[in-house]
C-alpha cells in the first residue's frame, strides 16, 4: 500500500513535502516521491491523501480506561487537595465501586475514542479492587476488537488490605505471563505510590517484573502529599527512596512527577528513569505543573498521557505546550516539535517499545492521516505548530495500527461506537447509583 499525502512527518523533526509512504507486512517499507514508489510497486493499492498530513500515531503513555465513567459525575464530597481528591472522592466514589462489566464498557469506548483522535498505542493502569481477578483480560478483549495496541497493568496497592494486595500483584503477573509474545496486547507491572505500598511490597513487585524481563511503573509526586509523606515516614524524598532501594532505573516509568525537588530531578536523570507527563489532569487534581522542561533539559525520556481525563492527545499536547511556557515564563520553552515528539517517539520510548513513533523504513506502521484544511499556509518549519495548536481529534481522517486500517474517513472499524456509547452510559449510571 502506498499513501500519498501533501506532507509526510517521518518524525516530529523530519518533515517531507509531497512525499509518499509504502506500507508492507505491518511495517514502513519505503518513503519517497509518489511517482517513484508507484512506478516501483505498480500493483500496490494507492491511497490518496491530498490536503492531508501523514504522521506517526500517538502514544498515550498513561491512561485509566475506566476514568471515562466518572466524566460528569456529581461529586459527593468535593476534594480540598490532592490527598482529599483520593480519600474523599476518587477511591470511595469511583475505584472502590467499579466492577468488570463497567470497566469492559469503558475500555471499548475509550479504545474507539483514542483511535478516532489518532492514538494507536496506550498504557493503561487499572485500579478496581472489586473487579479482581481477570479485569485486565476484560479490558484487553475490548482493545483487541478495536485493533489498538495496549499495554495493561493493575495498580497494585496495600491500601485495601492484604488479600487485595496479593490479588493485585497476581493480576499483573498472570497477565504479563499470558501476553509475552503478542504484538497488540502486553502487560507491565504497576504499584500505586510509596504512601499506599510498603518497601517490601514495592521490591517484590519490581523483582517479579524484572524476572519476566518487564518494566515497572508507579505514580510519583502527583501533588505535594507524597513527597511530604515520604520525608516524614521514610526519611527521604520519594525518588531518593526509590534510588536507595534500587527501583530508580531504566526499568522504571514514573508517572506525574509534578512536585519534585532538584535532587529528585537529578535522580531521575542519572538513573535513566522514564517519565510520563499528564499536563491536563495534573491541573484537575490541583497537583501543579510538572517541571517537564527541566527533565527534557536533562535528556530524560518523557511521554505524554491523558490520565483518562481528556483522551484527545491533541488537547494533551496543547496543555504541555502552554503550561511549560507559563511555568518558566519563557515562550521558547517546549516548542511544538518537542511536544509532538513526546506524543509519538518519546511516548514509545517511555513504554519501552522499539521501532515505534517514527515513519522510517523498518519501523512499525502506526500512523494517522490528518486533514490540513487550515486558513493559513503550511511550511515545513511550522507544520508542527499547526498540528499541535490548530488540529484536534475530529480532523483525523484515517488511522493505521500495525499496518491495518482501524479508522477510515473518521469511522472506527472494529467497534460499534454508538453501541459502545450507550453501554458506557448505562454502566456509568450504575456506578453513579442511578
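Residue numbers (the working numbering): 539 to 972.
Glycine included, C-beta positions come from ideal geometry on N, C-alpha and C.
Between residue i and residue j, what straight-line distance do the alpha-carbon atoms span, to the nearest angstrom?
| i | j | result |
| --- | --- | --- |
| residue 730 | residue 692 | 9 angstroms |
| residue 553 | residue 940 | 22 angstroms |
| residue 726 | residue 914 | 44 angstroms |
| residue 873 | residue 853 | 15 angstroms |
| residue 911 | residue 632 | 40 angstroms |
| residue 821 | residue 827 | 7 angstroms |
| residue 816 | residue 601 | 9 angstroms |
| residue 629 | residue 605 | 12 angstroms |
| residue 925 | residue 905 | 14 angstroms |
| residue 560 | residue 575 | 7 angstroms |
| residue 761 | residue 795 | 8 angstroms |
| residue 618 | residue 812 | 30 angstroms |
| residue 682 | residue 920 | 36 angstroms |
| residue 638 | residue 672 | 8 angstroms |
| residue 804 | residue 777 | 9 angstroms |
| residue 548 | residue 898 | 6 angstroms |
| residue 580 | residue 883 | 31 angstroms |
| residue 806 | residue 763 | 19 angstroms |
| residue 734 | residue 697 | 5 angstroms |
| residue 751 | residue 745 | 10 angstroms |
| residue 719 | residue 902 | 16 angstroms |
| residue 563 | residue 755 | 32 angstroms |
| residue 541 | residue 623 | 47 angstroms |
| residue 679 | residue 964 | 19 angstroms |
| residue 674 | residue 863 | 38 angstroms |
| residue 732 | residue 772 | 9 angstroms |
| residue 968 | residue 636 | 9 angstroms |
| residue 823 | residue 620 | 6 angstroms |
So the alpha helix (DSSP H) residue i belongs to, where does it begin and stop?
| i | result |
| --- | --- |
| residue 821 | 817–822 |
| residue 885 | 883–888 |
| residue 963 | 955–970 |
| residue 678 | 673–684 |
| residue 854 | 851–866 |
| residue 928 | 921–928 |
| residue 806 | 800–809 |
| residue 702 | 700–716 |
| residue 832 | 830–835 |
| residue 740 | 737–749 |
Whose CA, out of the options, lies closest to the CA of residue i?
| i | options | result |
| --- | --- | --- |
| residue 689 | 594, 719, 724 | 724 |
| residue 891 | 789, 558, 827 | 789 |
| residue 799 | 699, 770, 759 | 759 |
| residue 849 | 649, 806, 926 | 649 |
| residue 879 | 847, 858, 899, 870 | 858 |
| residue 652 | 894, 739, 687 | 687 |
| residue 831 | 810, 871, 917 | 871 |
| residue 703 | 684, 666, 683 | 666 |
| residue 810 | 823, 698, 836 | 836 |
| residue 961 | 787, 706, 643 | 643 |
| residue 949 | 846, 699, 935, 967 | 935 |
| residue 658 | 721, 636, 610, 717 | 721 |
| residue 615 | 944, 747, 627, 785 | 627 |
| residue 743 | 877, 918, 710, 770 | 710 |
| residue 590 | 558, 708, 887, 808 | 558 |
Which residues bound the beta strand (DSSP E) around residue i?
| i | result |
| --- | --- |
| residue 938 | 934–939 |
| residue 729 | 727–729 |
| residue 906 | 905–909 |
| residue 605 | Taken as a continuous stretch (DSSP letters only), residue 605 belongs to no beta strand (DSSP E), as it is neither H nor E. |
| residue 690 | 687–694 |
| residue 560 | 557–562 |
| residue 942 | 942–946 |
| residue 794 | 790–794 |
| residue 569 | 565–571 |
| residue 587 | 584–594 |
| residue 543 | 540–547 |
| residue 842 | 840–842 |
My guess is that residue i and residue j are in contact by the Cβ rule of under 8 angstroms, so how many angstroms apart are they, rounded?
| i | j | result |
| --- | --- | --- |
| residue 599 | residue 841 | 3 angstroms |
| residue 714 | residue 677 | Their Cβ separation, rounded to whole angstroms, is 14 angstroms, which puts residue 714 and residue 677 out of contact at 8 angstroms. |
| residue 539 | residue 586 | The pair is not a contact, with the Cβ atoms about 12 angstroms apart (cut-off 8 angstroms). |
| residue 597 | residue 889 | 7 angstroms |
| residue 543 | residue 895 | The Cβ separation is near 18 angstroms, so there is no contact. |
| residue 768 | residue 779 | 6 angstroms |
| residue 844 | residue 851 | 7 angstroms |
| residue 572 | residue 931 | That belief does not hold up - the Cβ atoms of residue 572 and residue 931 are roughly 27 angstroms apart, past 8 angstroms. |
| residue 908 | residue 933 | 5 angstroms |
| residue 634 | residue 610 | About 19 angstroms; that fails the 8 angstroms criterion. |
| residue 782 | residue 802 | The Cβ separation is near 12 angstroms, so there is no contact. |
| residue 728 | residue 749 | Contact flag wrong, Cβ pair sits at about 16 angstroms. |
| residue 966 | residue 607 | 5 angstroms |
Between residue i and chain B, is the shortest Cβ-Cβ distance under 8 angstroms, so that the two count as touching?
| i | result |
| --- | --- |
| residue 964 | In the structure shown, chain B cannot be found, because there is only a single protein chain. |
Any chance the CB of residue i is under 7 angstroms from a heavy atom of the ligand MG?
| i | result |
| --- | --- |
| residue 860 | What this structure holds is no ligand at all, so the ligand MG is not there to describe. |
Identify every run of the beta strand (DSSP E) within the region 645–673, keeping only runs that are complete inside it and at least 3 residues long; order them along the chain.
657–664
Which full runs of the alpha helix (DSSP H) of 4+ residues lie inside the region 751–777, going along the chain?
762–771
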